[in-house]
Each structure stands twice: as C-alpha cells, then as structure tokens.
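In my numbering, the protein residues as written are 113 to 469.
Here a beta-carbon is modelled for each residue, glycine too, at the ideal position from N, C-alpha and C.
So the structure is just underneath, and the comments pick up after that.
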C-alpha cells in the first residue's frame, strides 16, 4: 500500500472522484434514514473505478480502493475500512454532518496551507452542505447561509477565514454544487432556486422547485432541469443516477436508462446506440454506477458495467461485453450482492481498474 500524495492537486482529484454534491446511489431525504437496530447495512454508495465510499445505517463511513487524501494516514486499501463514525450525511470524503448536526471538514487547510491535523468543526445545526473543495457553502436549520474557505472555491469572490453568515439570501433549505463551488444552487423554503456564481449576485432561476441535486433542479411537477450556462429542460419524472460529475449522469425512467444525455440532448440515432439501449436492464430502482470502457486486450470491444439496486432491493453487478455489437453477439453477465459492509469488496472487485506495474 502507498500513502496518498498530500497537497492541493491530490485533494482536488479525490474530490472530483468522490463527487460531492449529491453523490451516487440514494440521495436527498432517503439517504439520511438510519436505524440503530439490526445488522449494519449500506445506505449510501459512492462508486467509481478508483474507490468506493459508503455510509451505513449505523452512521459509519467506509472506503475501499484508492486513498481519500482524507487524513495524513489514509492509504489505498483492499478491504472495507472505517474512516468515520456517528455520521448523518457523508457529503464527500472531506465534509460530513454528524448526528449532532455539526459540520466538519478534513483535508487541505485552505486558509493556512498544508493539511488539517484533525477534523475541523465549522458550525452546528447544519442541515445541508456542498462538498469541501478548499471552500464550502452550508445551511443551518433556521435557513441561514454560510460560507468558509478560499475565494472562488467558497462560492464568493472573497476568502472567509471563519464560518461566515451570508445575509444576501434567507430561508434556504438546501444547497448543492458540482465538482467545485465556483457556482452553486440554493433552494429556499418557498421553492425558489437561486444560481450563484462566485463573482456574481444571486440569480433567481425557477420558483416551483422541490429539490436540487448537483447541477440539477427537480420542479414540483417532476420536470428535471439542468443549470449550466442557462437553464435547460431535461425531461419529466427522471431519476438522477450515477452522479460523479454532470457529464457522467444517467437518468432512470420506467426502471431503465432514459434515452437522454446529461445536458438534455438526445444520444446518436444509429444502430450501435440502439443496441446499447436494448442492453440496459429493466428493473432499475437506483443507479449507483455506470461506465463504458474499451478492452485494449480484446480488439477494443466496448464493455458496459453497471451497479444498481433492483426493485427487490438487491445490489446488481451488470456486465455486457461488446455492448455496441449490431449483430447481436453481446455477452451478458449478472450477479447480485447484498448491502452488507463485507460485500462492498465484491463491488470493488467488479468496478476497479487494475493498476499497471
């Protein structure tokens, strides 16, 4: 095993891989349901080919795979390893809200440089937060907005050395952002969503929303919008899945993958794309991971890998070799695991990319 390189570059890479904002698997209120009784089970998965991090119903956070740059001693591991306890919301590998509703950060010290020697408590009574990526934006139970950290990375054009209340907006219930906090979304009690770029004022973008997830807004009529350079309508009654960054998002519709891209555009209309969409399973409840890669050792054939929760509550590992083959010669393999901590290792064996010696 090797220690993860410390410093800003390693930190940012880790944050990009973990995602932040909404994470993969279960999100919103569903991800915060916990139970003190019974066996320990995973409630929230964040999966990519470099690591997996999870939050269980016992409030424990585990990871497997590449080091998180979470602390000075965090290293690559090949079995599920606990790195936090008493967690209510695992915002990212560097930010979390505990069961006392206190917000903590770890990783790079954005104010003094170097690495935080221990978790830093920013504030209490916190109900929502963006990921920590040299800066962070959060909301307390009274609807107050706060910012901390380095300018731009904290959503504003000035550095806040302390956890600072922002008076420009009130009655906020949730914040979300993409990979960085150069911009973020804020949802208020009355369903209004504001877009905030670090060097601009709050901009009202919609007034009938019920949720925000990363770059996306879910309206009260279940219409989904993407907030990029402008507000784009994606589609209705779509479930956001596989969130690592906006470009990796897939949408679930009627228990399968919807034929719409992350930015609302339609995929190619050709035979290969038709074949791909025919391969997608028809029993998806929650999409956790989606990736298509080429196998250089097998003539560059494309391999579809998915991890998802089916309608029966099983975690399914779904693999299709040569997933674009228009001659119908694809090879499917499906296996199931449960939500135990031990079975995280089986998911890791399925998704990981082998390192070259």
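Margin query: Within a Cβ cutoff of 8 Å, which residues of the same chain sit near residue 223, ignoring the five residues on either side of it in sequence?
Written below: 261, 262, 271, 273
Note to self: Please classify residue 390 as buried or exposed, where buried requires at least 16 neighbouring CB atoms within 10 angstroms.
What the structure shows: Exposed, since its Cβ has fewer than 16 Cβ neighbours within 10 Å.
Check: Mapping DSSP to helix, strand and coil, what is residue 438?
Finding: It is coil, neither helix nor strand.
Check: Given a threshold of 16 other Cβ atoms within 10 Å of its Cβ, counted over all protein chains shown, does residue 447 qualify as buried or as exposed?
Finding: exposed
Item checked: Cβ-Cβ distance between residue 194 and residue 171 below 8 Å -> no
Next item on the list: Have a look at residue 461 and residue 332 and give me their C-alpha separation to the nearest angstrom.
Entry: For residue 461 and residue 332, the distance between alpha carbons rounds to 39 Å.
Next item on the list: Tell me whether the beta-carbon of residue 204 lies closer than 8 Å to the beta-carbon of residue 157.
Entry: no
Check: Do you know whose CA, among 370, 295, 232, 399, lies nearest residue 346's CA?
Finding: Looking at the Cα atoms, 370 is the closest of the given residues.
Notebook entry, point to check: DSSP state of residue 106, grouped into three classes?
Noted result: Residue 106 falls outside the range modelled here, since the chain spans only 113 to 469, and no answer is possible.
Check: Just the Cα atoms here: how many angstroms apart are residue 238 and residue 375?
Finding: 31 Å
Next item on the list: Say whether chain B places a C-beta atom closer than 8 Å to the C-beta of residue 298.
Entry: Among the protein chains of the structure shown there is no chain B, as only one such chain exists.
Note to self: As a quick exercise: from 325, 318, 217, pick the residue whose alpha carbon is nearest that of residue 227.
What the structure shows: 217
Checklist line | Those runs of the alpha helix (DSSP H) which lie wholly inside the segment 381-452 and span at least 4 residues | finding: 383-391
Check: Is it right to say residue 177 is buried, meaning 16 or more other beta carbons lie within 10 angstroms of its own, or is it exposed?
Finding: Per the 10 Å Cβ criterion, buried.
Notebook entry, point to check: Given that a residue counts as buried once 16 or more other Cβ atoms are within 10 Å of its Cβ, and exposed if not, what is residue 141?
Noted result: In this prediction, residue 141 scores a pLDDT of 36, lower than 50, which makes its location untrustworthy; the coordinate-derived value is nonetheless stated afterwards. So residue 141 counts as exposed.
Next item on the list: Please go through the same chain and pick out, in chain order, the residues whose beta-carbon is closer than 7 Å to the beta-carbon of residue 379, but skip the five residues on each side of it.
Entry: 371, 373, 385
Next item on the list: Would you mind giving the Cβ-Cβ distance between residue 249 and residue 285, rounded to the nearest angstrom? I have them listed as a contact below 8 Å.
Entry: Not a contact, Cβ separation roughly 13 Å.
Notebook entry, point to check: To the nearest angstrom, how far is it from the Cα of residue 297 to the Cα of residue 395?
Noted result: 32 Å
Notebook entry, point to check: Nearest-angstrom Cα distance between residue 267 and residue 440?
Noted result: 49 Å
Checklist line | residue 137 versus residue 325: straight-line alpha-carbon distance, rounded | finding: Caution applies to residue 137, whose pLDDT of 36 falls short of 50 and renders its modelled position unreliable; the value that the coordinates give is listed next. Between residue 137 and residue 325, the C-alpha separation is close to 12 Å.
Checklist line | Anticipated Cβ contact below 8 Å, residue 419 with residue 154, distance rounded | finding: In fact, because the Cβ distance is near 12 Å, the residues do not count as touching under 8 Å.
Margin query: In whole angstroms, give me the CA-to-CA distance for residue 209 and residue 290.
Written below: 18 Å
Notebook entry, point to check: Do you know how far the Cα of residue 206 is from the Cα of residue 133?
Noted result: Since pLDDT at residue 133 reaches only 32, below the 50 mark, its modelled position is unreliable, and no value is offered.
Checklist line | Helix, strand or coil at residue 461 [DSSP, three-state] | finding: DSSP, reduced to helix, strand and coil, places residue 461 within a helical segment of the structure shown.
Notebook entry, point to check: Thinking just about the alpha-carbon of each residue, which of 458, 451, 429 is nearest to the one in residue 444?
Noted result: 429
Check: Can residue 175 and residue 453 be called in contact, C-beta distance under 8 Å?
Finding: no
Notebook entry, point to check: CB residue 414 to CB residue 436, shorter than 8 Å?
Noted result: yes
Notebook entry, point to check: Per DSSP, what kind of secondary structure is residue 456 in: helix, strand or coil?
Noted result: Helix, per DSSP.
Checklist line | Beta-carbon proximity list for residue 364, same chain, < 6 Å, skipping 5 on both sides | finding: 351, 353, 396, 399
Check: If you drop the 5 nearest sequence neighbours on each side, which residues of the same chain put their C-beta closer than 6 Å to that of residue 455?
Finding: 449
Next item on the list: Mind reading off the beta-carbon distance from residue 318 to residue 329? Whole number of angstroms is fine, and I expect it under 8 Å.
Entry: 6 Å
Note to self: Please classify residue 219 as buried or exposed, where buried requires at least 16 neighbouring CB atoms within 10 angstroms.
What the structure shows: buried
Next item on the list: Compare the Cα-Cα distances from residue 311 to each of 302, 265, 322 and report the closest residue.
Entry: 265
Next item on the list: Put residue 331 into one of helix, strand or coil per three-state DSSP.
Entry: strand
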